[in-house]
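Residue numbers (our numbering), protein chains in the order written: chain A, 359 to 829; chain B, 3 to 379.
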Amino acid sequence: MSGHEFKDAYDVVVVGAGAAGLAAAAEIARAGLDTLLVDENAGPGGQIYRAITTTPVRKREILGDEFWNGAALVDEVRSSGASVTQTATVWSLDADLMLGISWGGRSRNVSARRVVVATGAMERPFPIPGWILPGVMTAGAVQTLLKSSGLLPAGRTVVAGTGPLLWLLSAQILRAGGAIDAILDTTPRGSLTRALPYASGFLLSPLFAKGLALRSEVMRKVRVVRHVTELVAAGGDKLETVTFATRQGAKATLPADALLLHQGVVPNTMLAMAAGVAHRWDERQLCWSPVLDQDGRSSIEGIFVAGDGAGIAGALAAELRGRLAGLAVVRDLRPGYESSETQSIRQKLQREERARPFLDVMFQPPREMRAPADDTIVCRCEEVTAGEVRKAARLGCAGPNQLKAFLRTGMGPCQGRLCGLTLTELLAEANGVAPGEVGHLRVRPPVKPISLSELAEMPVSEAATKAVVRG
Amino acid sequence: MAAESADVVVIGAGIHGCSTALHLALRGASVIVIEKDHAGRHASGVNAGGVRQLARHVAEIPLSIASMEIWERIGDLVDDDCGFECHGQVLVAETEAELEEFGVRVADLQRRGFTHEELIDKAELQRVLPAVAETCPGGIISRRDGAAQPYRTTQAFRRAASRHGVRFLEGVRVTGLARSGRAWRIGTTSGDFLAPKVVNAAGAWAGRFAAMIGEPVPLEVIAPMLMITSRVERFIDPVVILRSRKLSFKQFPNGTVLIGGGHLGRAFPEANRTILDWGKLQESARTVWELFPVMREAAIVRAWAGIEARMRDDIPVVGPSHKAEGIFHQFGFSAHGFQLGPGTGAVMAELLTTGRTNVPLQALDIGRFAGHSRAVV
Chain A
359 MSGHEFKDAY
369 DVVVVGAGAA
379 GLAAAAEIAR
389 AGLDTLLVDE
399 NAGPGGQIYR
409 AITTTPVRKR
419 EILGDEFWNG
429 AALVDEVRSS
439 GASVTQTATV
449 WSLDADLMLG
459 ISWGGRSRNV
469 SARRVVVATG
479 AMERPFPIPG
489 WILPGVMTAG
499 AVQTLLKSSG
509 LLPAGRTVVA
519 GTGPLLWLLS
529 AQILRAGGAI
539 DAILDTTPRG
549 SLTRALPYAS
559 GFLLSPLFAK
569 GLALRSEVMR
579 KVRVVRHVTE
589 LVAAGGDKLE
599 TVTFATRQGA
609 KATLPADALL
619 LHQGVVPNTM
629 LAMAAGVAHR
639 WDERQLCWSP
649 VLDQDGRSSI
659 EGIFVAGDGA
669 GIAGALAAEL
679 RGRLAGLAVV
689 RDLRPGYESS
699 ETQSIRQKLQ
709 REERARPFLD
719 VMFQPPREMR
729 APADDTIVCR
739 CEEVTAGEVR
749 KAARLGCAGP
759 NQLKAFLRTG
769 MGPCQGRLCG
779 LTLTELLAEA
789 NGVAPGEVGH
799 LRVRPPVKPI
809 SLSELAEMPV
819 SEAATKAVVR
829 G
Chain B
3 MAAESADVVV
13 IGAGIHGCST
23 ALHLALRGAS
33 VIVIEKDHAG
43 RHASGVNAGG
53 VRQLARHVAE
63 IPLSIASMEI
73 WERIGDLVDD
83 DCGFECHGQV
93 LVAETEAELE
103 EFGVRVADLQ
113 RRGFTHEELI
123 DKAELQRVLP
133 AVAETCPGGI
143 ISRRDGAAQP
153 YRTTQAFRRA
163 ASRHGVRFLE
173 GVRVTGLARS
183 GRAWRIGTTS
193 GDFLAPKVVN
203 AAGAWAGRFA
213 AMIGEPVPLE
223 VIAPMLMITS
233 RVERFIDPVV
243 ILRSRKLSFK
253 QFPNGTVLIG
263 GGHLGRAFPE
273 ANRTILDWGK
283 LQESARTVWE
293 LFPVMREAAI
303 VRAWAGIEAR
313 MRDDIPVVGP
323 SHKAEGIFHQ
333 FGFSAHGFQL
343 GPGTGAVMAE
353 LLTTGRTNVP
363 LQALDIGRFA
373 GHSRAVV
């Protein structure tokens, strides 16, 4: 599934081989279109189905039934005729539908008539004092190690945060024989009451029963502290303790070798933003989401966004969105090609999405963990604190792009991936305006750094320099 | 509803509009600046930050020298050092033939009384730029030149102007310019304004205002591209530019290296958007790769383009309109206007308030495009 040379042009390039990208690529290639699926991991699957073809974790129940659904999707792509390239990083996409792709230490430009961006989700930044210490990890990074290498965190382990994935990961660690000393649940008091108006959709969803079961499975084995309002990681050159407080006033310090942080996932919008796709602030999910039609068509002609990158809705919805975007691409490029499935996929998607509002509101991370106290570092690349951002706002800084000039936030190698949402929320709070008005960091390519040598050696093809004709 | 009035309305809050507004206010004028986005949103905020007298067109040199004097005390003027650092700028000769041409230029400038450019041999080039490839035989240095932080500078001028009473209307678009008695009525998306004098400092969007008053100019909207690397150990102090290949090159105090030089992407001024041309950025990367081996393993972390106006002859339009009394032009800096901002603002303020200036502007007069039939916008 990897190792071939790229062509200068494809009918369609799908970026990301998670649930959405796999489904989109399968639908598109099956219709006979020349399809390239590129993905930066070693194997297909994305985050949910990570290492689905290679995981050393053989006991099915450790990773759960849903994980193994991914295998069928991978088979579907393999028989569809799509070219699949793993370990390839897409570092640029523009409104001309020109992509910059790095593979095997070399870069090239590839053009397409349609592009499906299926870059999935990333973990929401979780800025607390000490989050930059070695030993403090995101829960997602730990899940990656478990799925791809069967590795578990060593030593005394504390899990902290909120969201359904926090419980899933904890269960996976425990089933695989790992130990968790404590779970510090930061879900704010009153979340259930706020979420109840949305409960009807959730109660009908299979996620409801699964969620409850996961939670009780974990709570039987691990001490869980609820309504945690303060979290501090501390240590010399690595993590030594985690201190927390609850709203009831309890304060305690736990010794810890590993702190796994997670407060939900948000769309990974970097590539779509770099291409100029319009985004809006999602008030319920507290993040930026691309503005899309029902098939995932974005504001840039020819660019579709599918999967969790289009708004968090989980693996099944991601797959359905991938199919819808794929079928829409096929309708664009193969007029007359009819699929009877579109309507039924849309209906299934609606059912899947019905559960989201409850989960979104129930697991909204507390404000103090999104827009932290003044002394907490929020921009890790440039080591900028929340207090410095608030001070810049007092000096008249209205948005994250202006903030670059004050503090260089978002100008480091992460391009704002780890601070963008925090900056928007801090500036919105300080200036007393809605996050949607504050705006987001303009993302500049390359969305992942490439070496100067790699750029210098990039072949410049004739096709790449010509204007692209879109059918 | 009565229109608000001022002595001067400035269209555009780039470095030029902000500087002119500040200098006008210092001379006691009431000023309103109208900006369709926010101050420094375009070329003024995202350029390479070069503060350069080196290698300029002779017609620009007086403005450049006037500007340099302001740059050297910029903190006194705007209460912010603007990140200005003076480590010189060097035009590197890549061949003996090029060095010979450079010698002719420096001699010519000296005959005209300009002494800021100095021819240097290979030994001096290696001394000031130890990291440059040994094949380069020499160059020209302008030792007082340097670099500053463009967005910070534009914001500093904006803040200083505000402190002196200038009113900034951001997110407001000028929609019309019409005579109203002795004054101009400036129609905007936020109501009308009246002023006897108007400064057209609208950068890439200036052509439409020139056309509005019946004075169209050949203005091309361009998108010069830049890229910046991850931090590398300090290895270079001056800004480096080349002549035959498009390159400018500079290391910031934090270790990041900015690579520019005028390769163009495509500009979409109506949408405030640009599209990069990676084929040309590849050329820039290759040039750096050849001239500065130390840079080969650096990572490119961002690339972008600003939206800027370029005139057919690559020098700006500065001075009064020939068609409409009270209108003054200050645009078309053709991707090298950042250093000129402070001085041009001072000269424009002098011209608007006294009717004259000692700095020669004839070569920059809009009259050179008389007869141009339609604006390229």
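No residue lacks a Cβ here, since even glycine has one placed at the ideal position from N, Cα and C.
Asked	Found
Can you check whether the C-beta of S558 (chain A) is within less than 8 Å of a C-beta belonging to chain B?	no
Listed in chain order, which residues of the segment 450-478 of chain A have Cβ atoms closer than 8 Å to some Cβ of chain B?	S450, D452, A453, D454, M456, G458, N467
Would V827 (chain A) count as contacting chain B if we go by Cβ distances under 8 Å?	The predicted model places V827 (chain A) with a pLDDT of 41, which falls under 50 and marks its position as unreliable; any figure quoted below should be read in that light. No, V827 (chain A) does not count as interfacial toward chain B.
Roughly how many whole angstroms lie between the Cα atoms of G745 (chain A) and P730 (chain A)?	9 Å
Please confirm whether C20 (chain B) has its beta-carbon closer than 8 Å to some beta-carbon of chain A.	no
Which whole-angstrom value describes the C-beta separation of A197 (chain B) and A185 (chain B), a residue pair presumed to lie in contact below a C-beta threshold of 8 Å?	6 Å
If you drop the 5 nearest sequence neighbours on each side, which residues of the same chain put their C-beta closer than 7 Å to that of T502 (chain A)?	R408
Would you check if the distance between the CB atom of L542 (chain A) and the CB atom of V500 (chain A) is smaller than 8 Å?	no
Find the residues of chain A that neighbour T231 (chain B), judging by a C-beta separation of less than 8 Å, and give them in chain order.	L810
For V649 (chain A), collect the residues of the same chain with a Cβ closer than 8 Å to its Cβ; drop the 5 residues on either side in sequence, then sort them by chain order.	V635, A636, H637, R638, S656, S657
If I follow the unbroken beta strand (DSSP E) through A676 (chain A), where does it start and stop?	It is not in any beta strand (DSSP E) - A676 (chain A) instead sits in the alpha helix (DSSP H) that spans 673-691.
What residue range does the beta strand (DSSP E) around R233 (chain B) cover?	R233 (chain B) -> no beta strand (DSSP E), and no H or E assigned at all.
Compute the distance between the beta-carbons of D666 (chain A) and L278 (chain B), then report whether it is under 8 Å.	no
Ignore the nearest five residues each way along the sequence and tell me which others in Y153 (chain B)'s own chain have a CB closer than 6 Å to its CB.	G42, G47
Flag R802 (chain A) as yes if its beta-carbon sits less than 8 Å from any beta-carbon of chain B, otherwise no.	yes
Alpha carbon to alpha carbon, how far is R738 (chain A) from C777 (chain A)?	8 Å
Does the segment 462-476 of chain A come close enough to the segment 365-376 of chain A to have 3 or more Cβ pairs within less than 8 Å?	yes
Terminal residues of the continuous beta strand (DSSP E) containing Q91 (chain B)?	91-95
Of all Cβ atoms in chain A, is any one closer than 8 Å to the Cβ of L4 (chain B)?	First, the residue type needs correcting, since residue 4 (chain B) is Ala and not Leu in the sequence shown. With 8 Å as the cut-off, A4 (chain B) does not count as an interface residue toward chain A.
I'd like to know if M70 (chain B) contacts chain A, where contact means its C-beta is closer than 8 Å to some C-beta of that chain.	no
Give the interface partners of Q151 (chain B) over in chain A, defined as CB-CB distance under 8 Å, in chain order.	A763
Return the Cβ separation of F716 (chain A) and F560 (chain A) in integer angstroms, given the expectation that the two are a contact with Cβ distance under 8 Å.	4 Å
Kindly indicate which three-state DSSP category Y695 (chain A) falls into: helix, strand or coil?	coil
Using a beta-carbon distance cut-off of less than 9 Å, what residues from the segment 610-638 of chain A approach chain B?	G634
Could you name the residues of the segment 276-303 of chain B whose beta carbon sits closer than 7 Å to any beta carbon of chain A, in the order they occur along the chain?	I277, L278, W280, G281, L283, Q284, A287, R288, V290, W291, M297, R298, E299, A300, A301, I302, V303
Determine, using beta-carbon pairs with one atom in the segment 322-329 of chain B and one in the segment 134-151 of chain B, whether at least three such pairs fall under 8 Å.	no
Within a Cβ cutoff of 6 Å, which residues of the same chain sit near S360 (chain A), ignoring the five residues on either side of it in sequence?	Note that S360 (chain A) scores a pLDDT of 41, beneath 50, so its modelled location is shaky and nothing firm can be said.
Determine the DSSP secondary structure at K579 (chain A), reduced to helix, strand or coil.	coil
Applying the 10 Å Cβ sphere with the 16-neighbour rule, what's the burial state of L395 (chain A)?	buried
Step through the CB atoms of chain A and report whether any lies within less than 8 Å of the CB of W306 (chain B).	yes
Which residues of chain B have a Cβ atom closer than 8 Å to the Cβ of P771 (chain A), listed in chain order?	S232, A301, V303
For the candidate residues A:P522, A:E398, A:L391, A:K762, whose alpha-carbon lies nearest to that of A567 (chain A)?	A:P522
Determine, using beta carbons only, whether Q157 (chain B) comes closer than 8 Å to chain A.	yes
Measuring alpha carbon to alpha carbon, tell me which of A:T599, A:G390, A:V624 ends up nearest P613 (chain A).	A:T599
Give a yes or no on whether 8 Å exceeds the smallest Cβ distance from L813 (chain A) to chain B.	yes
If I'm right that L565 (chain A) touches A377 (chain A) with Cβ under 8 Å, what's the distance once you round it to whole angstroms?	Actually they do not touch by this definition, with Cβ atoms about 15 Å apart.
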